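Visitor:
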Amino acid sequence: MFADRVLSGMRPTGGLHLGHYHGVLKNWVQMQNEYECLFFVADWHALTTHYDTPQLIEQSVWDMVVDWLAAGVNPARATLFIQSRVPEHAELHLLLSMITPLGWLERVPTYKDQQEKLTEKDLSTYGFLGYPLLQSADILIYRATQVPVGEDQVPHIEFTREIARRFNHIYGREAGFEDKAEAAVKKLGGKKAKLYHELRIRFQEQGDDEALESAKSLLDEQQSLSHGDRERLFGYLEGGGKMILSEPHAMLTAASKMPGLDGQKMSKSYNNTISLREDEASVSKKIRTMPTDPARIRRTDVGDPDKCPVWQLHKVYSNEQIKQWVMKGCKSAGIGCIECKQPVIDAVLEEQRPMRERAQLYLDDPALVRNIIADGCEKARKLASETMRDVREVMGISYT
Ligand code: TRP
Ligand code: SF4
175 MFADRVLSGM RPTGGLHLGH YHGVLKNWVQ MQNEYECLFF VADWHALTTH YDTPQLIEQS
235 VWDMVVDWLA AGVNPARATL FIQSRVPEHA ELHLLLSMIT PLGWLERVPT YKDQQEKLTE
295 KDLSTYGFLG YPLLQSADIL IYRATQVPVG EDQVPHIEFT REIARRFNHI YGREAGFEDK
355 AEAAVKKLGG KKAKLYHELR IRFQEQGDDE ALESAKSLLD EQQSLSHGDR ERLFGYLEGG
415 GKMILSEPHA MLTAASKMPG LDGQKMSKSY NNTISLREDE ASVSKKIRTM PTDPARIRRT
475 DVGDPDKCPV WQLHKVYSNE QIKQWVMKGC KSAGIGCIEC KQPVIDAVLE EQRPMRERAQ
535 LYLDDPALVR NIIADGCEKA RKLASETMRD VREVMGISYT
């Protein structure tokens, strides 16, 4: 239960583009081979800002899942699901709201930032204020250890850690905790019990983080411990009481430097995107009509790649040899801009080819996608309900 588990979500607010591919999806595809991964469509999160365009959300959900699959996210390796199909997220959100100070939510930087940025929308809503807490519920309900996110989301992960700590602090204090924890230590067996005690003291008295990590891995290896004892032993290590919710870590994904068609970062709001599965003719046309170094008006004018958005794309897509050809040809007016763009067009089409092929399979048979999601939702619900059982119990609402 405490082995690494990766969780990430994406809001369905429109089709994905190559910026999403280079910034996020490539990373997911790599992680699915190294960790247990859960990836979900954050449809409730989309509604916090797009509550007035429900049609957009429904369409985007399925398009987005096809985009994920097209990019190489493999349903045999990662669990793919839709947030609203696991209603336990909402239940945990509600229960966590009981202990969440308003000030914590108001201080999350994205709250004011987004309100200022999205002026065309009224975001003075209860739902929008609660956005980071809903995200905490998403993460804590799976006891995720790693959450791949961009820089802007790091405060949400930090917030989630604080919520987990507060929850454990309030509800982790069961009667006779120390005695129960000591009894659980005995169950580890003589040698391991002794080691556990030593490591615990080294951490608590000397703040030795390595001792804490060793003790945690010692516990990870114990297959036969009951769930309750495991929680007690984790909690006992760090002081307090039972650790019911575990604190996740942000796994910072390098900011996507994927440039758009105008040299700015690729983003829907700049209208400079190439969508993930855009048809070939449209890709060629978009790149052929891209702006170039504005000083290069005639074919005979020399240019400067550093002032040209096409060069930004060469940096992503071209090898050294091509890049040198561009540098030299541009600065000497030895090549034309259309000529210069061709290797970029070829490389983008090449990158998209397997994506288009994979997507076609799912477009031809939409039931495949529904089944993948149905399976994923079922797996996710199972994990989520285990956490909810513990949460309800400590909050006094399990009524068995
Ligand atoms: N807030 C995230 C974003 O805008 C999306 C998200 C919702 C998420 N819940 C999450 C990401 C849980 C990681 C984990 O990108
Ligand atoms: Fe840009 Fe290439 Fe034209 Fe130079 S030759 S201005 S780099 S498109």
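Heads up: the sequence shown is residues 175 to 574, going by our numbering.
Where is the CB? At the ideal position from N, CA and C, for every residue including glycine.
For clarity, every value in this text was computed on a predicted model and none was experimentally measured.
Taking the C-alpha atoms as reference points, what is the distance between Ala-318 and Ile-331?
Guide: Residue numbering aside, residue 318 sits at position 144 when the sequence shown is read from its first letter. Residue numbering aside, residue 331 sits at position 157 when the sequence shown is read from its first letter. Computed Cα separation, rounded: 11 Å.
Visitor: With distances taken from each beta carbon to the nearest heavy atom of ligand 2, which residues come in below 5 Å, in chain order?
Guide: Qualifying residues come out as Thr-466, Asp-467, Arg-470, Gly-477, Pro-479, Cys-482, Val-484, Trp-485, Cys-504, Cys-511 and Cys-514.
Visitor: How far does the beta strand (DSSP E) with Leu-407 in it reach, from first residue to last?
Guide: Looking up residue 407 in the sequence shown gives position 233. Counting along the chain, Leu-407 falls outside any beta strand (DSSP E), though it belongs to the alpha helix (DSSP H) covering 401–411.
Visitor: Please tell me whether, using a cut-off of 8 Å, the distance from the CB of Ile-231 to the nearest non-hydrogen atom of ligand 1 is below it.
Guide: As a working mapping, residue 231 is identified with position 57 in the sequence shown. No - ligand 1 has no heavy atom lying nearer than 8 Å to the Cβ of Ile-231.
Visitor: Apart from the five residues just before and just after Ile-547, which ones in its own chain have a Cβ nearer than 7 Å to its Cβ?
Guide: In the sequence shown, the residue the question calls residue 547 occupies position 373. So the list reads Val-239, Leu-254, Phe-255 and Ile-256, once near-sequence residues are dropped.
Visitor: Buried or exposed for Ala-311, please, with buried defined as at least 16 other CB atoms from any protein chain shown within 10 angstroms of its CB.
Guide: Here residue 311 refers to the residue found at position 137 of the sequence shown. Buried is the call here.
Visitor: When you compare only the Cα positions, how much space is there between Met-205 and Ser-559?
Guide: Position 31 of the sequence shown, counted from the start, is the residue given in the question as residue 205. Position 385 of the sequence shown, counted from the start, is the residue given in the question as residue 559. Straight-line Cα distance between these residues: approximately 25 Å.
Visitor: For Trp-202 versus Ala-245, is the C-beta spacing smaller than 9 Å?
Guide: As a working mapping, residue 202 is identified with position 28 in the sequence shown. As a working mapping, residue 245 is identified with position 71 in the sequence shown. Yes; because the gap between Cβ atoms is below 9 Å, this pair is in contact.
Visitor: Beta-carbon within less than 6 Å of Phe-302's beta-carbon, same chain only, minus the 5 sequence neighbours each way: which residues are those?
Guide: As a first step, residue 302 must be located in the sequence shown, where it is residue number 128. Cβ within range, chain order: Thr-222.
Visitor: Go through its chain and collect everything with a Cβ distance to Leu-199's Cβ below 6 Å, but skip five positions before and after it.
Guide: For the purposes of this step, residue 199 is taken as residue 25 along the sequence shown, with counting starting at 1. Answer for Leu-199: Ala-245, listed in chain order.
Visitor: Just how far apart, CA to CA, sit Glu-609 and Lys-286?
Guide: Shown here, the chain extends from 175 to 574; a query on residue 609 therefore has no answer.
Visitor: Which partner residues does Val-321 have in the DSSP bridge list?
Guide: Locating residue 321 in the sequence shown gives position 147, counting from the first residue. Paired residue(s): Ala-424.
Visitor: Assign Gln-380 to buried or exposed, taking buried as 16 or more other Cβ atoms, counted over all protein chains shown, within 10 Å of its Cβ.
Guide: Within the sequence shown, numbered from 1, the residue matching residue 380 stands at position 206. Exposed, by the Cβ-count rule.
Visitor: In the structure shown, what three-state DSSP assignment does Val-239 receive?
Guide: Position 65 of the sequence shown, counting from 1, holds the residue named residue 239. Here Val-239 sits in helix by DSSP.
Visitor: How far does the beta strand (DSSP E) with Arg-638 in it extend, from its first residue to its last?
Guide: The requested residue 638 does not occur in the structure, where the chain is confined to residues 175 to 574.
Visitor: Taking 8 Å as the cut-off, is the C-beta of Arg-179 nearer than that to any heavy atom in ligand 1?
Guide: What you label residue 179 is simply residue 5 of the sequence shown in a count that begins at 1. No, Cβ of Arg-179 sits at least 8 Å from all heavy atoms of ligand 1.
Visitor: Name the two residues that bound the continuous beta strand (DSSP E) containing Val-215.
Guide: Taking the first residue of the sequence shown as 1, we reach residue 215 at position 41. Val-215 -> beta strand (DSSP E) spans 210–215.
Visitor: Ligand 1 and Tyr-225: does any heavy atom of the ligand fall closer than 8 Å to the residue's C-beta?
Guide: Here residue 225 refers to the residue found at position 51 of the sequence shown. The answer is no for Tyr-225.
Visitor: Identify every residue that forms a DSSP beta bridge with Leu-254.
Guide: As a working mapping, residue 254 is identified with position 80 in the sequence shown. According to DSSP, Leu-254 bridges with Phe-213.
Visitor: Roughly how many angstroms separate the alpha carbons of Val-518 and Glu-525, rounded to a whole number?
Guide: Counting from one through the sequence shown, the residue named residue 518 turns up at place 344. Counting from one through the sequence shown, the residue named residue 525 turns up at place 351. Distance between the alpha carbons of Val-518 and Glu-525 is about 10 Å.
Visitor: Buried or exposed: where does Lys-360 fall if 16 or more other Cβ atoms within 10 Å of its Cβ makes it buried?
Guide: Here residue 360 is taken as the residue at index 186 of the sequence shown, counted from 1. Its Cβ having fewer than 16 others within 10 Å, Lys-360 is exposed.
Visitor: Consult DSSP for Pro-433 and reduce its assignment to one of helix, strand or coil.
Guide: By 1-based counting over the sequence shown, the position of residue 433 is 259. Residue state, collapsed to three classes: strand.
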